[in-house]
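Below is one structure, written out as structure tokens; comments come after it.
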Amino acid sequence: MSRLSGFTNRWLVFLTALVLWQLATAASDNVFFPTPWQIIHHGWSLWFTTADGGFGLSDSIFEDVLPSTARAVGGWAIAAAIGITLGAALGRSRTGMQYVEPLFAFFRALPSPALLPVFIGLIGIGSDMKLSLIAFSCIWPVLMNTVDGVRSVDSVKTDTARSFGTPRTQWVAMVVLPAALPKIFAGLRLSLSIAVILMVVSELVGESSGIGANLVDAKAAFDFLSMWAWIVLIGIIGYVLNLALLAVERRALRWQPTRAAVASAKQTTKAGG
128 MSRLSGFTNR
138 WLVFLTALVL
148 WQLATAASDN
158 VFFPTPWQII
168 HHGWSLWFTT
178 ADGGFGLSDS
188 IFEDVLPSTA
198 RAVGGWAIAA
208 AIGITLGAAL
218 GRSRTGMQYV
228 EPLFAFFRAL
238 PSPALLPVFI
248 GLIGIGSDMK
258 LSLIAFSCIW
268 PVLMNTVDGV
278 RSVDSVKTDT
288 ARSFGTPRTQ
298 WVAMVVLPAA
308 LPKIFAGLRL
318 SLSIAVILMV
328 VSELVGESSG
338 IGANLVDAKA
348 AFDFLSMWAW
358 IVLIGIIGYV
368 LNLALLAVER
378 RALRWQPTRA
388 AVASAKQTTK
398 AGG
């Protein structure tokens, strides 16, 4: 019951904000700020209306939305694989992090959008450049959180695994990484938000397709309805991707004692009620 109540309250707040947005923009009659209803209607015509005016996925879905989303997820996945692998190795090393930490601190401090000209100069305009920029920008939260998670593994688990002579590879895979998963997932969630941002940024220059390119074209043409429709779509994509990752996280961390205790307490409360 409490879960349903929390879900209802969240959507009630969202719908209230939407209604207030509708009322404020309708009253202002400012062409730069269309109403949510106008944005939804225009977005529907952009993405769910075929060339002959019927209902269906438009060409923009296949030429702009899906390729951009695939690049965001692909770059994030590359960063996750590299970040977790390298982070686990550095986290278990006594001295490795001491050598690379100044270098990592330097790269982490660089604003990723400012690196767009650098990646264009190195790789050229295209999907490889976008994937590389997204992966480079996303790797740092995953890497540093993995290092922190691996280093914070309970010493009792480490000593127990060693006393049984567990092979190092199996020990890392079966003991270290599962114990570090909460912090790893925290880094993955943060990096996923960065991936969506860089998905747009990487398409702002020299592109004729993609979400970022359409956003720039709409702004240049003073087509504010299209501009807002693309902005809202970016938010929806980020929200859906985050929901998917949270579902994976909940499933992966169900074994944790704290989560198990919370679940047990909820079941007890329901039974008592």
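In short: position in the sequence shown from 1, add 127, done, that's this note's numbering.
Note that CB positions come from ideal geometry on N, CA and C, so glycine has one too.
Give me, in chain order, the residues of the same chain whose beta-carbon lies closer than 7 Å to that of residue i; leave out the 5 immediate sequence neighbours on both sides.
| i | result |
| --- | --- |
| Phe-351 | Val-158, Phe-159, Pro-161 |
| Gly-201 | Leu-258 |
| Ser-282 | none |
Buried or exposed, going by whether 16 or more other CB atoms sit within 10 Å of the CB of residue i?
| i | result |
| --- | --- |
| Met-301 | exposed |
| Ser-264 | buried |
| Val-375 | exposed |
| Lys-346 | exposed |
| Phe-246 | buried |
| Ser-408 | Absent from the model: residue 408. The displayed extent of the chain is 128 to 400, so no value can be given. |
| Asp-186 | exposed |
| Trp-138 | exposed |
| Arg-235 | exposed |
| Ile-167 | exposed |
Excluding sequence positions up to five away, which residues of its chain have a Cβ less than 6 Å from the Cβ of residue i?
| i | result |
| --- | --- |
| Gly-419 | No statement about residue 419 is possible, as the shown extent of the chain runs from 128 to 400 and does not include it. |
| Ala-313 | Asn-272 |
| Ile-205 | Ala-262 |
| Gly-276 | Ala-307, Lys-310, Ile-311 |
Whole-angstrom Cβ separation of residue i and residue j, contact assumed at under 8 Å?
| i | j | result |
| --- | --- | --- |
| Ile-250 | Ser-239 | Not confirmed; about 15 Å, so no contact. |
| Ile-361 | Val-328 | Contact flag wrong, Cβ pair sits at about 11 Å. |
| Met-87 | Ile-338 | For the chain, the structure presents residues 128 to 400; residue 87 sits outside this window and is missing. |
| Phe-182 | Phe-175 | 6 Å |
Excluding the 5 residues preceding and the 5 following residue i in the sequence, name in chain order all residues of the same chain whose CB lies nearer than 8 Å to its CB.
| i | result |
| --- | --- |
| Phe-141 | none |
| Phe-231 | Trp-267, Leu-270, Met-271 |
| Tyr-226 | none |
| Ala-379 | Leu-308, Phe-312 |
Can you find a CB in chain B that lies within less than 9 Å of the CB of residue i?
| i | result |
| --- | --- |
| Leu-213 | Among the protein chains of the structure shown there is no chain B, as only one such chain exists. |
Task: Contact between the region 205-213 and the region 312-332 (3+ Cβ pairs under 8 Å) - done: yes
Open item on the list: Quick check for students: name the residue ranges of the beta strand (DSSP E) that lie wholly in the region 302-371, counting only runs of 3 or more.
Closed with: none
Open item on the list: Restricting to runs no shorter than 3 residues, where is the beta strand (DSSP E) found entirely within the region 235-268?
Closed with: none
TODO: Only counting runs of 4 or more residues, tell me where the alpha helix (DSSP H) segments fall wholly within the region 160-213, in order along the chain.
DONE: 163-174
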